Amino acid sequence: AKELRRVIEPLITMAKEDSVANRRLAFARTGDKEVVGKLFNELGPRYEARPGGYTRILKCGFRAGDNAPMAYVELVDRPVVEAEEEAVEATEE
Numbered sequence: 034a035k036e037l038r039r040v041i042e043p044l045i046t047m048a049k050e051d052s053v054a055n056r057r058l059a060f061a062r063t064g065d066k067e068v069v070g071k072l073f074n075e076l077g078p079r080y081e082a083r084p085g086g087y088t089r090i091l092k093c094g095f096r097a098g099d100n101a102p103m104a105y106v107e108l109v110d111r112p113v114v115e116a117e118e119e120a121v122e123a124t125e126e
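First residue of the sequence shown? That's 34 in our numbering, and the numbers climb one at a time after it.
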């Protein structure tokens, strides 16, 4: 999980400044146009004011088969998912 942070954090920092050169560098590292689009259209503007530390690692125990340590890797400052709001509204009705 900590190794993943070494890849993700520089890409998000690069996405804060939307330029052709940065988009090409991000595409060279990821190889996927959809990922580059999401980086520069959603994640870059979301973390514009944040100086770093875009990910959070939460340990979640050990895997059953080989007892390997497991962890959740999530982005901080995530927007609230609308599905949760819809579920609350459905239970109220």
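Backbone N, C-alpha and C fix where the C-beta goes; we use that ideal spot for every residue, glycine too.
All values derive from a computational prediction rather than experimental measurement.
Count the other CB atoms, across all protein chains shown, that sit within 10 Å of the CB of Tyr80; report buried if there are 16 or more and exposed otherwise. One-based indexing of the sequence shown puts residue 80 at position 47. Result: buried.
Per-residue DSSP class, three states only, for Ala48: As a first step, residue 48 is located in the sequence shown; it is residue number 15 there, counting from the start. In the structure shown, the three-state DSSP call for Ala48 is helix.
In three-state DSSP terms, what is Arg89? To locate residue 89, count along the sequence shown from 1; it is residue 56. Residue state, collapsed to three classes: strand.
Between the Cα of Glu50 and the Cα atoms of Arg39, Arg83, Asp99 and Ile90, which residue gives the shortest distance? As a first step, residue 50 must be located in the sequence shown, where it is residue number 17. Nearest option by C-alpha distance: Arg83.
Would you identify the three-state DSSP class for Val109, choosing helix, strand or coil? Position 76 of the sequence shown, counting from 1, holds the residue named residue 109. The DSSP-derived three-state label of Val109 is coil.
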